[in-house]
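This report concerns only the one structure given below.
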Amino acid sequence: MEQVSQQQSPPAKRPTIADIARIVGVSKVSVSNALNGQPGVSDATRARIAAVAEELGFVRNSAARALSGAKSAAVGLALCRPARMLGTEPFFMELIGGIENVLSDASYSLALQVVSDHERGLEAYRRWWGERHIDGAILVDLRENDARIPAMEEMGLPTVVIGHPSGSGRLTPVWSDDAAAVRETMEYLAALGHRRIARIAGLTGLVHTAIRDRAYDAACADLGLESLPVAHTDYTGEEGARATRRLLLSPTRPTAILYDNDITAVAGLSVAQELGLSVPRDLSLVAWDDSPLVQVVRPPLTALTRDIHAYGANAARTLLALVEGRPVDGYQDRAPQLTPRGSTAAPAAAG
1 MEQVSQQQSP
11 PAKRPTIADI
21 ARIVGVSKVS
31 VSNALNGQPG
41 VSDATRARIA
51 AVAEELGFVR
61 NSAARALSGA
71 KSAAVGLALC
81 RPARMLGTEP
91 FFMELIGGIE
101 NVLSDASYSL
111 ALQVVSDHER
121 GLEAYRRWWG
131 ERHIDGAILV
141 DLRENDARIP
151 AMEEMGLPTV
161 VIGHPSGSGR
171 LTPVWSDDAA
181 AVRETMEYLA
191 ALGHRRIARI
201 AGLTGLVHTA
211 IRDRAYDAAC
221 ADLGLESLPV
231 AHTDYTGEEG
241 ARATRRLLLS
251 PTRPTAILYD
261 NDITAVAGLS
271 VAQELGLSVP
281 RDLSLVAWDD
291 SPLVQVVRPP
301 LTALTRDIHA
311 YGANAARTLL
321 ALVEGRPVDG
331 YQDRAPQLTP
341 RGSTAAPAAA
351 G
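Heads up, the final residue of the sequence shown is numbered 351 in UniProt numbering, and it's a clean run with no missing numbers.
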């Protein structure tokens, strides 16, 4: 039986700068300059190069895409924290999930980069925007007098700040009322009979940390409670445990503690049990941001609950509206609501 060999056509060749140069009749240097917005090319030649690049499919190159006026269909998010910690933070996993859900429905992608500091994060936004890799950006971990705000304003990059309007400058904020959540928690604990309520907070310098600190001080004054020095941490379990241990070994041990995240609260519960204290009889605990983590421990922790997935989704919707040129004033999400569980009760005795 005669075997007939079937000749296969060669694979399609990805268009190159040389292909464009040959068709237009210019040098490769001229094509490169045109596609990268460099001088030395006439407007007519630049337009011809951009048109040929798009015809060949070279528009996928960022510079050619910029010249053709096409959008990148991507938004950027730079997170300042150790990469190894990202998977342990339920808040950011939920937030990113909400963002991705909306972007996916709109056929947008998320450019995510973990950076060591805000300066490197700003460099990432500049690079993405300059190379036309993104159409908009989401800014998180808003700091007081944040240098990123005027820089992003100057860039003209459509940006949503997940943070309070007081620190977002002319950028569009998406936020919730943290002060109201602190007030609700303090009133609840005071109604149970607590008079020494401590607060183990997150990083100093963050806008939301400062807002919560001020709300705590105001609530203590208004409710006639003893105001204890706020312990600031880096949100890790190690620092949460250390801060809790110092409080519980002090001569003026609190009868209740409000934590700024779920990880430090669970660490605090472990320390209390390690020291032989009964939760909630000897010590009541409240975690900021509900999560499966605070629900599976025993006793399950009272928490400030909000739909973080929806929070991220609202931020993404707001950003897409900005990218499309629609007028947007910002978005105030629902404030966290207190969800009482087994970790809070009246104190066994006044401290």
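Glycine is no exception: its CB is placed at the ideal position from the N, C-alpha and C atoms. Nothing here was measured: the structure is a model prediction, and the numbers come from that model.
> Mind checking glutamate 89: buried by the 16 CB within 10 Å criterion, or exposed?
Replying inline: Here residue 89 corresponds to residue number 89 of the sequence shown, with the count starting at 1. Under this definition glutamate 89 is a buried residue.
>> Comparing C-alpha positions only, which one of Asp290, Leu269, Glu274, Asp289 sits nearest to proline 280?
In response: Residue mapping note: residue 280 aligns to position 280 of the sequence shown, counting from 1. It is Leu269 whose Cα lies nearest to the Cα of proline 280.
>> With a threshold of 7 Å on Cβ separation, who are the neighbours of valine 41 within its own chain once the five nearest residues in sequence on each side are excluded?
In response: Locating residue 41 in the sequence shown gives position 41, where the first residue counts as 1. The residues are Ser30, Asn33, Ala34.
> Hey, leucine 258 and isoleucine 211: beta-carbon distance below 8 Å or not?
Replying inline: By one-based count along the sequence shown, residue 258 stands at place 258. By one-based count along the sequence shown, residue 211 stands at place 211. Result no, Cβ atoms of leucine 258 and isoleucine 211 do not sit closer than 8 Å.
>> Buried or exposed for valine 296, going by 16 or more other Cβ atoms inside 10 Å?
In response: Along the sequence shown, one-based indexing puts residue 296 at 296. Exposed is the call here.
> With C-beta atoms as the reference, is glutamate 303 less than 8 Å away from alanine 287?
Replying inline: One-based indexing of the sequence shown puts residue 303 at position 303. One-based indexing of the sequence shown puts residue 287 at position 287. First, the amino acid is wrong: residue 303 is alanine here, not glutamate. Their beta carbons are under 8 Å apart, which means alanine 303 touches alanine 287 by this criterion.
> Going along the chain, which residues of its own chain have a beta-carbon closer than 6 Å to the beta-carbon of valine 230, five neighbours each way excluded?
Replying inline: Here residue 230 refers to the residue found at position 230 when the sequence shown is read from its first residue. Here the set comprises Arg199, Ala201, Asp213.
> Thinking C-alpha only, which one of Thr255, Ser291, Thr209 is nearest alanine 346?
Replying inline: Taking the first residue of the sequence shown as position 1, residue 346 is located at position 346. Checking every option, the nearest Cα to that of alanine 346 belongs to Thr255.
> Given arginine 170, which residues of its chain have a CB within under 7 Å of its CB, disregarding the five upstream and five downstream residues?
Replying inline: Numbered from 1 along the sequence shown, position 170 holds the residue referred to as residue 170. Contacts found: Glu153.
>> Could you give the first and the last residue of the continuous beta strand (DSSP E) run that contains glutamine 295?
In response: Indexing the sequence shown from 1 puts residue 295 at position 295. Unbroken run through glutamine 295 is the alpha helix (DSSP H), 292 to 296; no beta strand (DSSP E).
> Which same chain residues, not among the five before or five after residue 352, have their C-beta less than 8 Å away from its C-beta?
Replying inline: Nothing in the structure corresponds to residue 352, since the chain is present only between 1 and 351.
> In chain order, what residues of the same chain lie with their CB nearer than 6 Å to the CB of arginine 317, ignoring the 5 residues before and after it?
Replying inline: Position 317 of the sequence shown holds residue 317. Within the same chain, arginine 317 has close Cβ partners Val102.
> Which residue comes first and which comes last in the alpha helix (DSSP H) that contains isoleucine 49?
Replying inline: Mapped onto the sequence shown, residue 49 falls at position 49. Start and end: 43 to 56.
> According to the Cβ coordinates, are methionine 155 and arginine 120 closer than 8 Å?
Replying inline: Position 155 of the sequence shown holds residue 155. Position 120 of the sequence shown holds residue 120. Not in contact: methionine 155 and arginine 120 (Cβ atoms no closer than 8 Å).
> Where do the ends of the alpha helix (DSSP H) carrying valine 230 lie?
Replying inline: Counting from one through the sequence shown, the residue named residue 230 turns up at place 230. Run containing valine 230: none; DSSP gives neither H nor E here.
> Which residue or residues does DSSP assign as beta-bridge partners of residue 372?
Replying inline: Only positions 1 to 351 of the chain appear in this structure, which leaves residue 372 out of reach.
> By how many angstroms is the C-alpha of arginine 48 removed from the C-alpha of aspartate 333?
Replying inline: Translated into the one-based positions of the sequence shown, residue 333 becomes position 333. Translated into the one-based positions of the sequence shown, residue 48 becomes position 48. In a straight line, the C-alpha of aspartate 333 is about 48 Å away from that of arginine 48.
> Given a threshold of 16 other Cβ atoms within 10 Å of its Cβ, counted over all protein chains shown, does serine 291 qualify as buried or as exposed?
Replying inline: Indexing the sequence shown from 1 puts residue 291 at position 291. When all chains shown are included, serine 291 counts as buried.
> Would asparagine 314 be called buried (16 or more neighbouring beta carbons within 10 Å of its own) or exposed?
Replying inline: Counting from one through the sequence shown, the residue named residue 314 turns up at place 314. Buried, by the Cβ-count rule.
> Is valine 161 near leucine 142, with beta carbons less than 8 Å apart?
Replying inline: Residue numbering aside, residue 161 sits at position 161 when the sequence shown is read from its first letter. Residue numbering aside, residue 142 sits at position 142 when the sequence shown is read from its first letter. Yes, the Cβ-Cβ distance between valine 161 and leucine 142 is below 8 Å.
>> Cutting at 6 Å between CB atoms, please list the residues of its own chain near alanine 272, excluding the five before and the five after it.
In response: What you label residue 272 is simply residue 272 of the sequence shown in a count that begins at 1. Excluding sequence neighbours, alanine 272 sits near Val279, Leu283.
> threonine 16 to glycine 98, Cα distance in whole Å?
Replying inline: By one-based count along the sequence shown, residue 16 stands at place 16. By one-based count along the sequence shown, residue 98 stands at place 98. The alpha-carbon atoms of threonine 16 and glycine 98 are separated by roughly 38 Å.
> Along the chain, where does the beta strand (DSSP E) that runs through proline 173 open and close?
Replying inline: Translated into positions along the sequence shown, residue 173 becomes position 173. Residues 172 to 175.
> What is the residue span of the beta strand (DSSP E) that alanine 201 lies within?
Replying inline: By 1-based counting over the sequence shown, the position of residue 201 is 201. 196 to 201 is the span of the beta strand (DSSP E), which, as asked, contains alanine 201.
>> If you reduce the DSSP assignment to three classes, tell me which class tyrosine 188 lands in.
In response: Reading the sequence shown from its first residue, position 188 is the one you call residue 188. In the structure shown, tyrosine 188 sits in a helix (DSSP, three-state: H, G or I).
>> Here's the rule I'm using: 16 or more other beta-carbon atoms within 10 Å means buried, otherwise exposed. How should glutamate 94 be labelled?
In response: Against the sequence shown, residue 94 aligns to sequence position 94. Glutamate 94 is buried by the Cβ-count criterion.
> Closest to valine 24 by CA distance: which of Val52, Pro39, Leu112, Leu338 is it?
Replying inline: Along the sequence shown, one-based indexing puts residue 24 at 24. Of the candidates Val52, Pro39, Leu112, Leu338, the one whose C-alpha sits nearest the C-alpha of valine 24 is Val52.
> Mind checking alanine 180: buried by the 16 CB within 10 Å criterion, or exposed?
Replying inline: Residue 180 sits at position 180 when you count from the first residue of the sequence shown. Result: exposed.
> Hey, alanine 137 and leucine 112 are a contact pair by Cβ (cut 8 Å); roughly how many whole angstroms apart?
Replying inline: As a working note, residue 137 is residue 137 in the sequence shown. As a working note, residue 112 is residue 112 in the sequence shown. Not really, about 11 Å apart at Cβ, beyond 8 Å.
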